[in-house]
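Chemist: Below: one structure in structure tokens.
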Amino acid sequence: MEEIADVAGVSKPVLYQHFPGKRELYLAIVDANALALETAIEDALAATNDNKLRVLGAIDAYFSFVAQGDHAFRLIFGSDLRDDDVADRVEQLQSACAAAISDIIADDTGLDKPEALLLGRGLAGMAESAARYWLADPDPVPRAEAVELTARLAWRGISRFPMTGQAETAQTGGKQAG
Numbered sequence: 001m002e003e004i005a006d007v008a009g010v011s012k013p014v015l016y017q018h019f020p021g022k023r024e025l026y027l028a029i030v031d032a033n034a035l036a037l038e039t040a041i042e043d044a045l046a047a048t049n050d051n052k053l054r055v056l057g058a059i060d061a062y063f064s065f066v067a068q069g070d071h072a073f074r075l076i077f078g079s080d081l082r083d084d085d086v087a088d089r090v091e092q093l094q095s096a097c098a099a100a101i102s103d104i105i106a107d108d109t110g111l112d113k114p115e116a117l118l119l120g121r122g123l124a125g126m127a128e129s130a131a132r133y134w135l136a137d138p139d140p141v142p143r144a145e146a147v148e149l150t151a152r153l154a155w156r157g158i159s160r161f162p163m164t165g166q167a168e169t170a171q172t173g174g175k176q177a178g
């Protein structure tokens with residue numbers, strides 16, 4: 001706690017006023033970083049109506065989070081998942097990211113919510129897994145290329161699901177798709 005207080009520029013007593021112990025501080029840091037990743041993914045999905053760009057943006061959000069020098073990704077996904085509170089927080093993050101993706105899938109394809117959620121989990125899991133591998137790879141491909149390759153794989157799969165008429169109009173800007 002002393003080292004954390006030094007880095008934060010506060011005294012240990014001030015730190016203990018807000019966090020009774022290391023575990024509570026650790027959980028607060030996990031929460032803050034999980035929220036940052038969730039927000040980045042939601043922002044990427046909301047930034048455009050073009051689903052191909054949404055896929056690219058969401059995957060880029062995972063890779064950007066991994067590439068940060070503050071080890072936030074390792075803190076969350078390399079955490080001690082045997083700790084129930086940590087495991088619950090990681091599951092909440094994964095569920096929230098998958099739900100954000102699945103909402104768009106359900107709206108655009110007309111798939112039932114459980115089907116869309118399965119696909120959302122799959123896409124989020126693929127992005128997370130690829131980003132984790134990229135981080136650990138001793139000789140990784142450049143980040144931009146890793147994002148592009150992962151997005152291309154995801155897009156080739158998800159783009160095969162037929163879109164509802166309203167979603168197709170949003171994708172094409174009202175122009176005839178073809």
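Under the UniProt record's numbering, read the sequence shown as residues 1 to 178, first letter to last.
No residue lacks a Cβ here, since even glycine has one placed at the ideal position from N, Cα and C.
Spatial neighbours of Ala-106 within its chain, please: C-beta separation below 7 Å, excluding the five flanking residues on both sides.
Modeler: Lys-113, Ala-116
Chemist: Between which two residues does the alpha helix (DSSP H) harbouring Gln-92 extend?
Modeler: 84-109
Chemist: Where do the N-terminal and C-terminal ends of the alpha helix (DSSP H) with Asp-60 fall, by residue?
Modeler: 51-67
Chemist: Return helix, strand or coil for residue 184, following the three-state DSSP convention.
Modeler: Because the chain spans 1 through 178 in this model, residue 184 falls outside it and cannot be assessed.
Chemist: Just to confirm before moving on: does the CB-CB distance between Val-30 and Val-86 stay below 8 Å?
Modeler: yes
Chemist: Leaving out the 5 sequence neighbours to the left and right, which residues in its chain are closer than 6 Å to Val-66 when beta-carbon positions are compared?
Modeler: Taken in chain order, the residues that qualify are Phe-73, Ala-131, Leu-135.
Chemist: Tell me whether Arg-74, by its Cβ, gets closer than 7 Å to a heavy atom of the ligand NAP.
Modeler: Among the components of this structure there are no ligands whatsoever, and the ligand NAP is therefore not found.
Chemist: Arg-143 lies in the alpha helix (DSSP H); which residues open and close that run?
Modeler: 143-158
Chemist: For the segment 133-147 against the segment 83-102, are there 3 or more C-beta pairs whose distance is under 8 Å?
Modeler: Between the segment 133-147 and the segment 83-102 there are fewer than three inter-stretch CB-CB distances shorter than 8 Å, so the stretches are not counted as touching.
Chemist: Mind checking whether Ile-41 and Ala-100 have CB atoms under 8 Å apart?
Modeler: yes
Chemist: Between which two residues does the alpha helix (DSSP H) harbouring Met-126 extend?
Modeler: 113-136
Chemist: Decide if Ser-129 is buried, meaning its Cβ has at least 16 other Cβ atoms within 10 Å, or exposed.
Modeler: Sixteen is the threshold: since fewer than 16 other Cβ atoms of the shown chains lie within 10 Å of the Cβ of Ser-129, the residue is exposed.
Chemist: Which one of Pro-162, Glu-148, Thr-164 has the shortest CA to CA distance from Ala-61?
Modeler: Glu-148
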